[in-house]
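J.: First, the structure itself, so that you have it in front of you.
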Amino acid sequence: MTRRVGITSVFLGLGASCLGGCLPGSVHDRDSVNTADVRERFTPAPNAPDPPSAYHVQQPPPPPPPSEDKPVVEPVAQTHFPGDPFPGLSAPSVKAGEPPAPFGPPSELAPPIVQAEKAPPESPLLTAFRSLLANRSADALEQLQSYDAASREMLMTLLPMAARVGDGGLNHSTPQETAVLLEQLRTLEGVLRPRSALALNQARFCRKINGFGDYQPWPDDHVFQAGTADQRGERMQVYVEVGNFASRLNGTTYETSLGGVVEIRDSNNKAVSRMDFPPRVVRSQTPRADYFLNFQFYLPAPLPEGRYTLNVLVKDVLDPATGDAASRNASRTLN
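So the sequence shown is numbered by the working numbering: it starts at 46 and just counts up by one.
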């Protein structure tokens with residue numbers, strides 16, 4: 046007990062000595078300070094500038110003077126939302142342990158369902174061509190039964206040609222294959238010729254005619270001599286080359302029958318003379334590929350001197366399918 050009291054006394058003595066060094070000398074000295082002097086020392090003079098800061102702190106700029114214009118305040122537009130902004134939408138049911146399903150589009154906003162149009166059925170022609178490409182000629186012929194006989198014959202010529210050319214091209218065809226193609230083209234020409242317009246490819250005044258494409262024409266400035274009362278006029282030969290004529294198979298031979306009419310017309314295009322050439326049947330063992338007519342006559346008398354034209358009309362009088370008279374005509378005028 047004695048040792049503890051002694052230690053406490055020592056600490057108390059040290060604390061009292063330190064307190065004495067921090068306080069003023071006496072209470073009297075503290076009270077003797079003039080209050081006016083202190084107030085004068087710490088109260089700044091009016092309108093006096095602030096003393097400079099020891100830390101070099103910059104003063105903020107003065108605020109701008111208040112503007113006399115008042116800002117225009119627009120009224121806030123009010124928006125009213127309907128009670129059901131998304132009609133047709135309903136909250137999906139949510140089960141425990143499952144994520145919520147997304148909202149689907151409203152039924153009235155859903156795009157219309159467009160049904161795809163069904164592809165049209167494939168034509169028999171295309172089906173037949175596919176069969177030929179697959180080397181099924183019998184199937185191809187079966188597909189073409191809906192066509193008439195002439196069309197079927199033409200298609201059975203064209204389609205194999207197209208399939209053969211498309212298989213390797215003409216550059217890879219042998220001479221034998223090319224010859225087959227050429228023969229097929231000739232067969233096709235025989236089918237198409239009687240169904241096309243009759244054509245007069247050449248018509249010339251000639252002094253001599255030997256055969257198809259073999260003739261001696263008169264010069265363009267040749268003047269023909271008309272007949273007189275006691276003498277017939279100059280002998281005329283007119284070479285006419287005919288195209289697209291018909292050849293009909295009759296038994297074992299082919300028949301071609303062409304006729305014509307020749308008219309001499311004056312400067313007013315009035316016929317002053319007419320000569321008929323009845324058709325005659327020409328037979329051959331193979332279909333003819335070319336044909337010409339040689340109209341021969343003498344200039345009639347009397348025929349006044351002047352300028353005349355010669356009109357030639359050719360008739361194909363044989364229908365290759367029925368043998369009846371055909372109505373295909375072609376004409377040409379020679380000056």
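A virtual CB, placed ideally from N, CA and C, is assigned to each residue, including glycine. As the structure is a prediction and not an experimental result, all values here were calculated from the model.
Within a Cβ cutoff of 7 Å, which residues of the same chain sit near Ile254, ignoring the five residues on either side of it in sequence?
T.: Tyr260, Gln282, Tyr284, Asn339
J.: Note down, one range per segment and in chain order, each beta strand (DSSP E) of at least 3 residues found wholly within the stretch 208 to 280.
T.: As far as the stretch 208 to 280 is concerned, its whole beta strand (DSSP E) runs of at least 3 residues are 244 to 256, 259 to 262.
J.: Do Thr172 and Gln190 have their beta-carbon atoms positioned less than 9 Å apart in this structure?
T.: no
J.: According to DSSP, is Tyr284 helix, strand or coil?
T.: Strand at Tyr284.
J.: According to DSSP, is Pro205 helix, strand or coil?
T.: helix
J.: For the alpha helix (DSSP H) that contains Glu187, what are its first and last residues?
T.: 182 to 188
J.: Measuring only the C-alpha atoms, how far is Tyr353 from Ser312?
T.: 6 Å
J.: Just how far apart, CA to CA, sit Pro37 and Met320?
T.: Residue 37 cannot be examined here, being either before or after the span of the chain that is shown, 46 to 380.
J.: Spell out a yes or no on whether the stretch 222 to 233 and the stretch 199 to 207 are touching, meaning 3 or more CB-CB pairs, one atom from each, closer than 8 Å.
T.: yes
J.: On the three-state DSSP scale, how would you describe Ser312?
T.: coil
J.: List, from N- to C-terminal side, the beta strand (DSSP E) runs of 3 residues or more that fit wholly inside the stretch 327 to 367.
T.: 336 to 343, 354 to 361
J.: In three-state DSSP terms, what is Ala375?
T.: If DSSP states are grouped into helix, strand and coil, Ala375 belongs with the strands.
J.: Identify every residue that forms a DSSP beta bridge with Phe322.
T.: Gly305
J.: Could you check which residue in Phe174, Ser329, Asn374 has the C-alpha nearest to that of Val357?
T.: Selected option, being the one with the closest Cα: Asn374.
J.: Pull up the DSSP beta-bridge partners for Glu300, would you.
T.: Arg293, Arg328
J.: Below 8 Å on the Cβ atoms is my guess for Pro324 versus Lys360; work out the distance and round it to an integer in Å.
T.: Yes, they are in contact, since the Cβ atoms of Pro324 and Lys360 sit about 7 Å apart, within 8 Å.
J.: Can you tell me which of Ala271, Gly258, Gln276, Cys251 puts its alpha carbon nearest to the alpha carbon of Pro264?
T.: Cys251
J.: Which residues in the same chain as Tyr343 place their Cβ atom closer than 8 Å to its Cβ, once the five residues preceding and following it in sequence are excluded?
T.: Gly272, Arg277, Gly278, Glu279, Arg280, Met281
J.: Taking all protein chains shown into account, do 16 or more other C-beta atoms lie within 10 angstroms of the C-beta of His73, making it buried, or fewer, making it exposed?
T.: Only weak support exists for where His73 lies, its pLDDT of 45 falling under 50; the coordinates are left without a value.
J.: Span of the alpha helix (DSSP H) holding Pro166?
T.: Premise fails: Pro166 is in no alpha helix (DSSP H) and is neither H nor E.
J.: Tell whether a beta-carbon distance below 9 Å holds between Pro169 and Tyr192.
T.: yes
J.: Looking at C-alpha atoms only, which residue of Ala244, Val307, Ile158, Leu200 is the closest neighbour of Tyr336?
T.: Ala244
J.: Whole-angstrom Cβ separation of Ala291 and Thr301, contact assumed at under 8 Å?
T.: 7 Å
J.: Does the beta-carbon distance from Arg197 to Leu215 come in below 9 Å?
T.: In this structure, Arg197 sits away from Leu215, with a CB-CB distance that is not shorter than 9 Å.
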